[in-house]
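Novice:
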Amino acid sequence: MWRLVFTFAVVAPVFSQGFVAPILSTSSSRDGSAPRRARTSAVSRPLQSGSSSPPEWAVIFDCDGVILESESLHREAYNAVFREFAVDYEWSPEYYDELQNKVGGGKPKMRYYFGENGWPKSKLGAPPETDQEKDLLIDSLQDRKTDIYKEFVANGTAVLRPGVQRLIDETKAISGGKMAICSASTKDACLFVLDNLLGEENLSKFDLVLAGDDVPRRKPDPMIYALASEKLGVPPERCMVIEDSLIGLEAALGAKMNCVITYTGSTESQDFAGSLGVYPELGDEGSTQVRASELLKLMGV
Ligand SMILES: *[C@@H]1O[C@H](CO)[C@@H](O)[C@H](O)[C@H]1NC(C)=O
Ligand SMILES: *[C@@H]1O[C@H](CO)[C@@H](O)[C@H](O)[C@H]1NC(C)=O
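Under mature numbering (1 follows the signal peptide of the UniProt record, and there is no 0), the letters of the sequence shown match residues -16 to -1, 1 to 285, in that order.
1) Excluding sequence positions up to five away, which residues of its chain have a Cβ less than 8 Å from the Cβ of Cys243?
2) Considering only heavy atoms of ligand 1, does any lie closer than 8 Å to the CB of Asn180?
3) I'd like the span of the alpha helix (DSSP H) that includes Ala164, first residue to last.
4) In whole angstroms, what is the alpha-carbon distance linking Ala64 and Ser56?
5) Per DSSP, what kind of secondary structure is residue 336 in: helix, strand or coil?
6) Hey, would you say the C-beta of Glu234 is under 8 Å away from at least one heavy atom of ligand 1?
7) By how many angstroms is the C-alpha of Ser188 removed from the C-alpha of Gln254?
8) Check whether the Cβ of Gly140 lies closer than 8 Å to any heavy atom of ligand 2, and answer yes or no.
9) Please work out which residues of its chain come closer than 7 Å, Cβ to Cβ, to Glu74, disregarding the five sequence neighbours upstream and downstream, and give them in chain order.
10) Please classify Ser106: does DSSP put it in a helix, a strand, or coil?
11) What is the DSSP secondary structure of Leu194, counted as helix, strand or coil?
12) If you check the beta carbons only, do residue 295 and Arg95 fall under 9 Å apart?
13) What are the boundary residues of the beta strand (DSSP E) that Cys223 is part of?
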C-alpha cells in the first residue's frame, strides 16, 4: 500500500542562453557626488585610455527574498501539499518563521514537525510507523511541494517584489556599471524563478548570475560575493549588494561589499547592523523608492 508513485509534469523552463553575459564596459560616469566614506574614496584609480575602461561599480541582487518573497510561497506550497495529501496540518506564517530558524531544508522541517506533533495519516494511508514508511511520506510530500512551488512561479502566483523592475531599469540606465544576481539556491531553481519572473529580456540586462552551486560554501560564507567581484572585475568596495536577511548581509560584509536590506515579513526583526540602509521595500511609484543613484551615492561612487 506504500507503493504509490507520483509523477507530475514539470513545466519546462525556457532557460536563457548563456549564464554569464559578455562583459562589455563603455564609458565611465560619476555623478559628481562626494564619496561618503574614506575607504571608497581611496579606490579611485586612473581610467584606462581608449574606448573601454574598467567597470566603475556593480549592483548585485540576491534572489530569494529580494526579487520575490519566496518564504511565504514555500509555506503556502507546504500547506497546499498537506491539503492535497489530506494531511491535517497547516503552518502559520509565525510558526513557519520559527521552524525556518530552527530547521534548515524542507524534508528535515517536516520530519521535525511530524516528530513533535505526531506522524499524520494521509491519502497514502495510516500514519507511517516504520522508517521506510516515514521516508516515503516525506519524499512524496516534498516532491509534490517542489512541483507546487514551481507552479506558483510559472503561473503568476509568484510576482516580483515592488520596485525590483524599476530598480533594474534605473540601474541599467546608468552607464559604467555592472548588474548581477547572486542566489543562494541551486542554479536550476534560481534560473527557473528568474526566467519566469524576469523573462529573457530583463535577464539579458544582467552581466552575471551566480547560484549556490557555483561555490562550495553557501551564504553566510562570503564566497559567492567574492567570486562575483572577481568575475565582474569590480572591487568589492564598489559593489552594492541588495539583501533581505542577516545571512545575506553577513555574506556581503564578509566579502567587504556594501549592502542595503529590503526585509520581508520573515526577516523584519533581524539585526541589520553594518548595512547602509534598511528598507521595507525597494518601492514603486506612490511609495518611498530606493533609487539606483542613491545606492551609488551610498557607496561613494
Ligand atoms: C497556480 O498553481 C497553484 C498550485 O498548483 C494553484 O493552487 C493555483 O490555483 C494556480 N493559480 C493560477 C492562477 O492558475
Ligand atoms: C521585462 O522588461 C520589459 C521592459 O523593461 C517589460 O516590459 C517586461 O514586462 C519585463 N518582464 C518580463 C517577464 O518579460
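Backbone N, C-alpha and C define an ideal beta-carbon position, used for all residues, glycine too.
Specialist: Taking the geometry as given:
1) Setting aside the 5 residues that flank it on each side, Cys243 is surrounded in the same chain by Met224, Val225, Ile226, Glu227, Gly232, Leu233, Ala236, Leu237, Gly258, Ser259, Leu260, each with a C-beta closer than 8 Å to its C-beta; the list follows chain order.
2) For Asn180, the Cβ stays outside the 8 Å cut-off from all heavy atoms of ligand 1.
3) It is not in any alpha helix (DSSP H) - Ala164 instead sits in the beta strand (DSSP E) that spans 161 to 166.
4) Rounded to the nearest angstrom, the two C-alpha atoms are 12 Å apart.
5) Examination of residue 336 is not possible in this model, given that the chain is present from -16 through 285 alone.
6) Checking every heavy atom of ligand 1 against the Cβ of Glu234, none is found closer than 8 Å.
7) Computed Cα separation, rounded: 33 Å.
8) No, Cβ of Gly140 sits at least 8 Å from all heavy atoms of ligand 2.
9) Excluding positions up to five away in sequence, the list reads Asn63, Phe66.
10) Correct three-state label for Ser106: strand.
11) DSSP, reduced to helix, strand and coil, places Leu194 within a strand of the structure shown.
12) The structure shown does not extend to residue 295, since the chain is modelled only from -16 to 285, so the question has no answer here.
13) Segment 223 to 227, the beta strand (DSSP E) holding Cys223.
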